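Visitor: Below are the structure tokens for one structure; questions will follow.
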Amino acid sequence: MSRTFIRIIAIPALSWMVFTLTTGIFAVPAGASDNIWPQADLIRAEAGFSADELKPLIGRWLRPDGGYILEIRKAAADGNLDAYYFNPRSINVHRAEAVRTGSDIKLVVELRDAGYPGSTYALLYKPVQDALVGYYYQAVTKQYFEVYFVRQKGP
């Protein structure tokens with residue numbers, strides 16, 4: 436997988452790295468680019484959570500660069516997520532699950548619908564920022580994009 440970013444600065448106090456993309460400057464947590472993309476052998480091997488571990492994932496998450504919404508309604512102890520995606524219309528979520536990667540919780544959300552033939556999000560939950568940060572694989576163009584979601588407040 437080729438990456439289109441360049442690491443330009445580290446901010447140790449926040450544990451964030453700043454990357455420059457072809458579209459501008461984007462900040463992501465340090466180390467996110469090293470272990471974010473799902474690998475088939477990790478998906479089930481590291482699943483298994485206590486009842487409270489996945490509660491912070493539940494809610495509506497906004498991707499500010501386009502108004503996309505990822506809504507997580509339920510999270511099971513085995514890592515399966517009841518997730519919905521809107522752009523702005525509803526897009527079929529084929530698979531949504533959480534796995535443990537070290538001390539992080541990784542989400543994998545695969546979309547399968549018209550224009551979304553296997554497009555996939557691989558996101559890390561960052562509790563300090565209350566954000567989902569990671570990559571989006573756009574299956575039609577076969578491109579990866581760095582993305583983030585923020586919790587949508589209110590109704």
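Residue numbers (our numbering): 436 to 590.
Positions of the beta carbon are idealized from the N, C-alpha and C atoms, including for glycine.
Here the structure is a predicted model, which means the values were calculated and not measured.
With a threshold of 8 Å on Cβ separation, who are the neighbours of residue 508 within its own chain once the five nearest residues in sequence on each side are excluded?
Guide: As a working note, residue 508 is residue 73 in the sequence shown. Cβ neighbours of residue 508 beyond the five flanking positions: 493, 517, 518, 519.
Visitor: What number of angstroms, rounded off, separates the C-alpha of residue 513 from the C-alpha of residue 500?
Guide: What you label residue 513 is simply residue 78 of the sequence shown in a count that begins at 1. What you label residue 500 is simply residue 65 of the sequence shown in a count that begins at 1. Rounded to whole angstroms, the separation of the alpha carbons of residue 500 and residue 513 is 31 Å.
Visitor: Could you pull the DSSP bridge partners for residue 506 from this structure?
Guide: Reading the sequence shown from its first residue, position 71 is the one you call residue 506. As DSSP reads the structure, residue 506 sits in a beta bridge with 495, 519.
Visitor: Would you grab the beta carbon distance between residue 580 and residue 571 for me? Rounded to a whole angstrom, and I think it's under 8 Å.
Guide: By one-based count along the sequence shown, residue 580 stands at place 145. By one-based count along the sequence shown, residue 571 stands at place 136. Residue 580 to residue 571, Cβ: 5 Å. Contact.
Visitor: State the beta-bridge partners of residue 524 as determined by DSSP.
Guide: Within the sequence shown, the letter at position 89 stands for residue 524. Residue 524 pairs with nothing; no bridge assigned.
Visitor: By Cβ distance, which residues of its chain are closer than 7 Å to residue 526, with the 5 residues on each side in sequence left out?
Guide: Taking the first residue of the sequence shown as 1, we reach residue 526 at position 91. Excluding sequence neighbours, residue 526 sits near 520, 546, 548, 551.
Visitor: What residue does the beta strand (DSSP E) around residue 553 start on, and which one ends it?
Guide: Within the sequence shown, residue 553 is the residue found at index 118, counting from 1. Residues 551-561.
Visitor: Can you name, in chain order, every residue of its own chain whose Cβ lies under 7 Å from the Cβ of residue 576, other than the five neighbours on each side?
Guide: Numbered from 1 along the sequence shown, position 141 holds the residue referred to as residue 576. Once the five neighbours on either side are set aside, residue 576 has no close Cβ partner at all.
Visitor: Count the other CB atoms, across all protein chains shown, that sit within 10 Å of the CB of residue 485; report buried if there are 16 or more and exposed otherwise.
Guide: Residue numbering aside, residue 485 sits at position 50 when the sequence shown is read from its first letter. Burial call: exposed.
Visitor: Whole-angstrom Cβ separation of residue 573 and residue 496, contact assumed at under 8 Å?
Guide: Locating residue 573 in the sequence shown gives position 138, counting from the first residue. Locating residue 496 in the sequence shown gives position 61, counting from the first residue. That belief does not hold up - the Cβ atoms of residue 573 and residue 496 are roughly 18 Å apart, past 8 Å.
Visitor: Pick from 555, 534, 562: whose alpha carbon is nearest that of residue 582?
Guide: Here residue 582 refers to the residue found at position 147 when the sequence shown is read from its first residue. Taking only the C-alpha atoms, the option nearest residue 582 is 555.
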